[in-house]
Amino acid sequence: MNTLATPKMQARGLRIGFYNERIKKRLNVLDGIDLSVAEGELVCIVGPSGCGKSTFLGAVDGLTRIDGGDVLIDGKAVTKPGPDRAMVFQHDSLFPWRTVLQNVVYGIEIQNSMSKDDMNDRGRQLVELVGLKGFEDHFPHELSGGMRQRVNIARALAPDPELLLLDEPFAALDAQTREFMQVELLKILHRAKKTALFITHQIDEAIFLSNRVAVFSARPARIKEIVTIDLPKERSLALKHENRFRDLQAHIWRLIEEESARTGLVTAS
Amino acid sequence: MSATTDTHAPAQTASEDEAPRRSFLAQHESTIIGTISVAAFLFFWEYAVAAKWVNALFTSSPLRIINAGVAMVKEGTIWQDLATSGLEFGLGFGLATIVGVPLGILMGWYRRLNSVLEPFVNALYATPRIALLPLIVIWFGIDLGSKVAIVFLSTVFPILVNTMVGIRTVDRDFIKVARSFGASDRQLFMTVALPSTVPFLLTGLRLGLGHALIGIVVGEMYGATSGIGYMMAVAGATFQTDRVMVGIIIIAASGMIMTQMLKMIEMRFEKWRVDSRG
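Protein chains in written order, with my numbering: chain A, -10 to 258; chain B, 686 to 963.
This is how it looks when you write it as structure tokens:
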């Protein structure tokens, strides 16, 4: 009831366009996105390549300028980045000159919200939470891709944001590491009790992680369909072989295929 | 924990198995070969002079150079020359760093300032600064001032340009991360732009070093009353080849030592850069 009253995140008729230098025209990327995410929910966004998923996430984070409509966090409109949200980027983008611990506490340092001792304590807690205890003083180049992405997630969680925004965080990982990281992410988010918006190209990843999957249409993007994932709350990798999972996968794939075909037609003519 | 032990473990076992036999020769192979090659060259040089294959007046010889060096130390004038050149270098290089680093940062950070200064920087960077010597001597005389000026001009541009490039090529992703956490311009500068520029800055200093040495030697040969370059010019004009050689060795050695020192500092700062994009 309570969560229905004020969603953690709500986008209302969100429109964003960019001026394209080459064709000297303004192109709409997002054409009226309506989406709300309840507290504690994990919603994945899928859609054809280049449809504006990242732009949407940027707008929620407050990095991208909004042209119409709005994004509300706890009922308040977003105008700039804030400590209530944190972004996990696709490229881990860890600062190579900072150790793991120094990377993790970066956000706290910027927001200047804790004493140095508290900050480092919090940093250590998070390093432990993402399973990297003992690596606090390592530099990013000494870690594997999966470990770096864990640090990246820890860095986003450190300032204790309420909404975590993940932009294809596992895209650069190999298939095996990716699956393990999916399981890990669910554990981490469960322990940290966070709400999350997750962009991915992988339909199975979206189904496995989410409560709901929002399928974006081709550009200019609207919400094509929101698919409720009626799978058990406890997710294990075995789930991926069950019939219900496959049905959902087929359904979402068909939606994306329709949209991709539409873009194909548009560029051909 | 496990990964650190993993990476070191194989190396340790390998050395335990084979270390006792192959250690010294194998480990220092290139150093040993290098030393032998230099020693052979020096011996050949000395022998060629002793056997009168070449004229020592032109080629000098290792022993003659050592004798000349000892004589110069006994005369005491060498200390004066070293002090002069050292002071010129220190003042010129220091001044170039003090001016070049902040100006490079500002030009990298503020597009407008860059537009104002870039034509001058480009023009001067492309000109061999040695070409400005006559003008500099007219302005600053033949004493300390002109040499400090030429060292400064030789050094300031590599430092400035490298620092500027460093600030300008900050990884976009890092900027996005900082902005996403709500970093202000000042914080973005301090936590992202500055640290990622350090390696560029050190490269600039190292390049500047070479230019500075050229500036000193040529500046002193062109017009001076003391200094290593001046000493070499005088010795050369009076056919004291041994003394010219001493000067060359001093310049070469100081260049190598200082470059090595900067490389060590670079390695310290670039520890994180090793395979960072592997």
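All C-beta atoms, glycine included, are put in the ideal place defined by N, C-alpha and C.
At least 9 Å separates the beta-carbon of E125/A from that of V77/A. Linking R208/A to R864/B through their CA atoms gives a straight-line distance of about 26 Å.
Note on R797/B: under 16 other CB atoms within 10 angstroms of its CB, so exposed under the neighbour-count rule. A direct Cα-to-Cα measurement between V93/A and L118/A gives close to 12 Å. Straight through space, the alpha carbons of E905/B and G914/B are spaced by roughly 5 Å.
Chain-order list of chain B residues neighbouring M76/A: K861, V862, S865, F866, by C-beta distance under 9 Å. The beta carbons of T882/B and G851/B sit about 3 Å from each other, so the pair counts as a contact at 8 Å.
With contacts defined as CB atoms closer than 9 Å, M108/A and Q138/A fail to qualify as a contacting pair. For V850/B, the nearest beta carbon of chain A is not closer than 9 Å to its own beta carbon. DSSP, reduced to helix, strand and coil, places K69/A outside both helices and strands of the structure shown, so it counts as coil. In this structure the segment 218 to 236 of chain A lies against the segment 187 to 203 of chain A, because at least three pairs of beta carbons, one per stretch, are closer than 8 Å. For M949/B, there is no enclosing beta strand (DSSP E); the residue is part of the alpha helix (DSSP H) that begins and ends at 926 to 954. Using beta-carbon distances, D828/B does not count as an interface residue toward chain A, since no partner is under 9 Å.
Between the alpha carbons of G96/A and F709/B lies a gap of roughly 50 Å. Minimum Cα-Cα distance from S38/A among the listed residues F234/A, S206/A, E231/A, L31/A corresponds to S206/A.
Taking a beta-carbon distance threshold of 9 Å, D858/B counts as an interface residue toward chain A. M849/B and M792/B do touch by the CB rule: their CB atoms are close to 5 Å apart, below 8 Å.
A distance below 7 Å between beta-carbons, with the five flanking residues on each side excluded, links Y810/B to the following residues of its chain, in chain order: F842, V846. Taking C-beta separations shorter than 8 Å and ignoring five residues to either side along the sequence, the partners of P85/A in its chain run F128, P129, H130, following chain order. Shown here, D50/A sits in a helix according to DSSP, grouped into three states. L890/B and T840/B have their C-alpha atoms roughly 8 Å apart. Of all residues in the segment -4 to 12 of chain A, none is placed with a Cβ closer than 8 Å to any Cβ belonging to chain B.
Counting only runs of at least 3 residues, the segment 69 to 148 of chain A fully encloses the following beta strand (DSSP E) elements, listed from N- to C-terminal order: 74 to 77. In the structure shown, the three-state DSSP call for R15/A is strand. For M(-2)/A, the enclosing beta strand (DSSP E) begins and ends at -2 to 9. Residues of the segment 233 to 246 of chain A with a C-beta atom less than 9 Å from some C-beta of chain B do not occur.
Excluding the 5 residues flanking it on each side, V929/B has same chain C-beta neighbours closer than 6 Å at M917, A920, G921, in chain order. DSSP places K229/A in the helix class (H, G or I) of the three-state scheme. Closer than 7 Å at the C-beta level to chain B, one finds these residues of the segment 86 to 113 of chain A: W86, Y95, G96, I99, Q100.
Taking the C-beta atoms as reference points, A147/A is found nearer than 9 Å to R111/A.
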